[in-house]
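Heads up, the final residue of the sequence shown is numbered 529 in the numbering used here, and it's a clean run with no missing numbers. We put the beta carbon where it would ideally sit given N, CA and C, even for glycine. Given the structure is predicted, the values throughout are model-derived calculations rather than measurements.
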Amino acid sequence: MTRRITAAVAALLAVAAQPAGAAITETQLDQVAKSLAPQVITWRRDFHQNPELGNRETRTAQKVAEHLKALGLEVKTGIAHTGVVGVLKGGKPGPTIALRADMDALPVTEQVDVPFKSLVTSEYRGEKVGVMHACGHDAHTAILMGTAQALAEMRKDLPGTVLFIFQPAEEGAPDGEEGGAPLMLEEGVFDIAKPEAAFGLHVWSGLNAGQIGYRSGPFMAASDRYRIVVKGEQTHGSKPWGGVDPIVASAQIVMGLQTLVSRQIDISAHPAVVSVGAIKGGVRNNIIPDQVEMIGTFRTFDPKVRQQIIDGITRTAKDIASSSGASAEVEVAADANPVTFNDVKLTERMLPSLERAAGPGNVLEIPFVTGAEDFSYFGQRVPSLFFFVGITPPGRDAAKAPSNHSPKFYIDESGLELGVRAMLGVAVDYLQGGRR
Numbered sequence: 094m095t096r097r098i099t100a101a102v103a104a105l106l107a108v109a110a111q112p113a114g115a116a117i118t119e120t121q122l123d124q125v126a127k128s129l130a131p132q133v134i135t136w137r138r139d140f141h142q143n144p145e146l147g148n149r150e151t152r153t154a155q156k157v158a159e160h161l162k163a164l165g166l167e168v169k170t171g172i173a174h175t176g177v178v179g180v181l182k183g184g185k186p187g188p189t190i191a192l193r194a195d196m197d198a199l200p201v202t203e204q205v206d207v208p209f210k211s212l213v214t215s216e217y218r219g220e221k222v223g224v225m226h227a228c229g230h231d232a233h234t235a236i237l238m239g240t241a242q243a244l245a246e247m248r249k250d251l252p253g254t255v256l257f258i259f260q261p262a263e264e265g266a267p268d269g270e271e272g273g274a275p276l277m278l279e280e281g282v283f284d285i286a287k288p289e290a291a292f293g294l295h296v297w298s299g300l301n302a303g304q305i306g307y308r309s310g311p312f313m314a315a316s317d318r319y320r321i322v323v324k325g326e327q328t329h330g331s332k333p334w335g336g337v338d339p340i341v342a343s344a345q346i347v348m349g350l351q352t353l354v355s356r357q358i359d360i361s362a363h364p365a366v367v368s369v370g371a372i373k374g375g376v377r378n379n380i381i382p383d384q385v386e387m388i389g390t391f392r393t394f395d396p397k398v399r400q401q402i403i404d405g406i407t408r409t410a411k412d413i414a415s416s417s418g419a420s421a422e423v424e425v426a427a428d429a430n431p432v433t434f435n436d437v438k439l440t441e442r443m444l445p446s447l448e449r450a451a452g453p454g455n456v457l458e459i460p461f462v463t464g465a466e467d468f469s470y471f472g473q474r475v476p477s478l479f480f481f482v483g484i485t486p487p488g489r490d491a492a493k494a495p496s497n498h499s500p501k502f503y504i505d506e507s508g509l510e511l512g513v514r515a516m517l518g519v520a521v522d523y524l525q526g527g528r529r
């Protein structure tokens with residue numbers, strides 16, 4: 094480890110020793126990404142062992158802020174509760190860009206046996222839960238910290254300005270709170286330094302380490318949350334005819350919702366998904382309760398399809414409940430994530446940068462992704478590019494790897510070096526006018 098750290102310092106000093114005004118080269122980016130990889134892995138493991146839920150990322154934010162301040166960046170904290178922003182001004186005039194990473198973990202109990210396994214617990218929706226970086230935001234934070242360090246060392250040769258955004262609550266703010274990218278924008282993150290382009294990445298189990306995935310145009314789905322409350326009439330479990338059973342009605346609604354996409358949406362034109370994520374009702378084996386709550390999500394790529402599904406969920410829930418003598422209330426949350434859209438011209442311009450970072454044959458155009466990302470809000474303000482970095486060990490079938498959000502989600506840490514290299518590539522190439 095000592096040798097690696099020494100090598101990292103030596104590589105950064107070599108970058109700093111370049112003649113003032115020289116263009117930053119591909120070789121420099123390769124060397125710096127490689128030299129920083131051990132430190133990035135150390136940061137990632139620390140964050141993984143100390144995960145924090147959305148709007149509660151106080152320790153993570155403190156670590157990030159301390160690092161950015163040590164690099165000499167202008168730092169602002171407390172944006173959208175726990176967000177951290179750093180501004181790096183290069184030594185030469187040029188454009189302003191934003192690089193973003195998310196910091197929050199998930200209410201998931203880890204089932205991966207690693208030395209830095211999370212044993213953290215917290216409370217979520219009134220229940221005690223395990224907390225895990227089951228989506229890889231620990232890696233995103235560490236990658237952007239490494240990117241910031243590399244660019245800070247290159248600042249004398251760097252044209253323009255870089256806005257580093259470390260965002261809380263990408264997975265959604267707790268009930269009754271605001272958070273994430275929308276709140277950062279509302280609180281003026283782009284007023285600190287107005288970018289003309291924004292870049293972000295996501296580690297992805299569906300790709301092997303060493304691979305990058307992208308898609309031009311619509312990339313990740315719009316995401317909505319819904320809540321259905323089915324109201325019946327409580328009675329003894331031995332006498333169901335004495336009341337109205339909301340559990341049976343809810344079961345019928347769950348099955349009915351599955352026909353929205355399979356029978357009512359033209360998925361040959363636009364993919365869509367409707368899922369029920371949780372059902373709660375009743376407290377005792379022999380009491381039929383008076384109501385059942387279910388919550389879920391639906392994903393779409395087209396506004397008309399989104400409205401079709403909203404109408405379909407409402408119609409299905411109310412009509413099935415009514416047929417059972419019950420009633421249903423349907424709420425669609427107002428905090429929907431829009432489609433994550435990769436600007437077509439920006440994607441075309443930066444694709445060679447990704448290919449140089451990953452090497453020939455390792456940058457793959459991938460199908461629509463029904464997962465969602467609130468990076469999409471940044472993309473509504475400025476042209477943006479969001480891409481995936483593979484983290485399933487080479488040689489394993491990535492299609493069968495535990496997915497992001499699984500308690501068995503696993504990161505092959507060799508993918509972190511590529512994450513830094515890719516982020517450096519798009520940032521430096523854009524600021525220097527792009528290499529063709």
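Kindly indicate which residue of the options has the alpha-carbon position closest to the one of residue i.
i    : options                   : result
T409 : D284, S343 and P288       : S343
P476 : P288, S355, P364 and T463 : P288
D317 : T463, A421 and I459       : T463
D206 : H295, H141 and S215       : H141
G281 : T234, L256, A315 and E448 : L256
G303 : G179, G293 and I484       : I484
A290 : V513, I190, F479 and A414 : I190
R514 : D490, S446, K493 and P486 : S446
V224 : K182, L166, T175 and E150 : E150
Y319 : V157, E167 and A429       : A429
V530 : G405, G147, I372 and V367 : Outside the displayed span of the chain (94 to 529) sits residue 530, for which this structure offers no information.
P199 : K185, K162, E167 and N143 : Before going on, a small fix: residue 199 reads as Leu here, not Pro. Among K185, K162, E167 and N143, the Cα nearest to that of L199 is on N143.
V133 : C228, Y307 and V157       : V157
F481 : P261, I236 and L276       : I236
N497 : Y523, G299 and D250       : G299
A130 : R399, G508, P396 and G518 : G508
V369 : M348, N379, R356 and N378 : M348
N378 : Q351, K411 and K332       : K332
DSSP three-state label for residue i, please.
i    : result
H295 : strand
A604 : Any answer about residue 604 is impossible in this case: the structure gives the chain only from 94 up to 529.
D206 : coil
A116 : coil
M516 : helix
F283 : helix
I380 : strand
A290 : strand
I388 : strand
E220 : strand
T393 : strand
F39  : What the structure shows of the chain is the stretch from 94 to 529, and residue 39 is not part of that stretch, so it cannot be assessed.
V432 : coil
R97  : Residue confidence for R97 is low, a pLDDT of 44 falling below 50, so the modelled location carries little weight; the figure read from the coordinates is stated next. Looking at R97 - three-state DSSP - the assignment turns out to be helix.
Note the first and the last residue of the continuous beta strand (DSSP E) segment covering residue i.
i    : result
A371 : A365 to K373
I484 : S477 to T485
P252 : P252 to Q260
E458 : V456 to E458
Y217 : T214 to Y217
Within the continuous alpha helix (DSSP H) that includes residue i, where are the two ends?
i    : result
S420 : Counting along the chain, S420 falls outside any alpha helix (DSSP H), though it belongs to the beta strand (DSSP E) covering S420 to V425.
M443 : V437 to A451
K411 : P396 to S416
R248 : Here R248 belongs to no alpha helix (DSSP H), and DSSP marks it neither H nor E.
R489 : No alpha helix (DSSP H) contains R489, which DSSP labels as neither H nor E.
Q525 : No alpha helix (DSSP H) holds Q525; DSSP gives it neither H nor E.
M348 : P339 to Q357
G472 : S469 to R474
Does residue i pass the burial test, meaning 16 or more other C-beta atoms within 10 Å, or should it be called exposed?
i    : result
V322 : buried
Q401 : buried
V354 : buried
P431 : buried
T433 : buried
V376 : exposed
T440 : buried
I172 : buried
R96  : Reliability fails at R96, whose pLDDT of 43 lies under 50, so the model's placement of it is uncertain and the value that follows must be treated cautiously. The residue is exposed, with fewer than 16 neighbouring Cβ atoms inside 10 Å.
L212 : exposed
I346 : buried
P208 : exposed
G488 : exposed
R529 : Reliability of the predicted coordinates at R529 is poor, the pLDDT of 42 falling under 50, and no value is obtained from them.
D268 : exposed
G47  : Here the chain covers residues 94 to 529 and nothing more, so residue 47 does not appear.
I258 : buried
Strictly under 8 Å for the Cβ-Cβ distance: is residue i near chain D by that measure?
i    : result
R152 : In the displayed structure, chain D is absent; only one protein chain is listed.
Runs of alpha helix (DSSP H) wholly within the segment 134-199 (minimum 4 residues, chain order)
Qualifying alpha helix (DSSP H) stretches, in chain order: 151-163.
Runs of 4 residues minimum, wholly inside the segment 297-336: which ones carry the alpha helix (DSSP H) assignment?
If we require 4 residues or more, the segment 297-336 turns out to have no alpha helix (DSSP H) run fully inside it.
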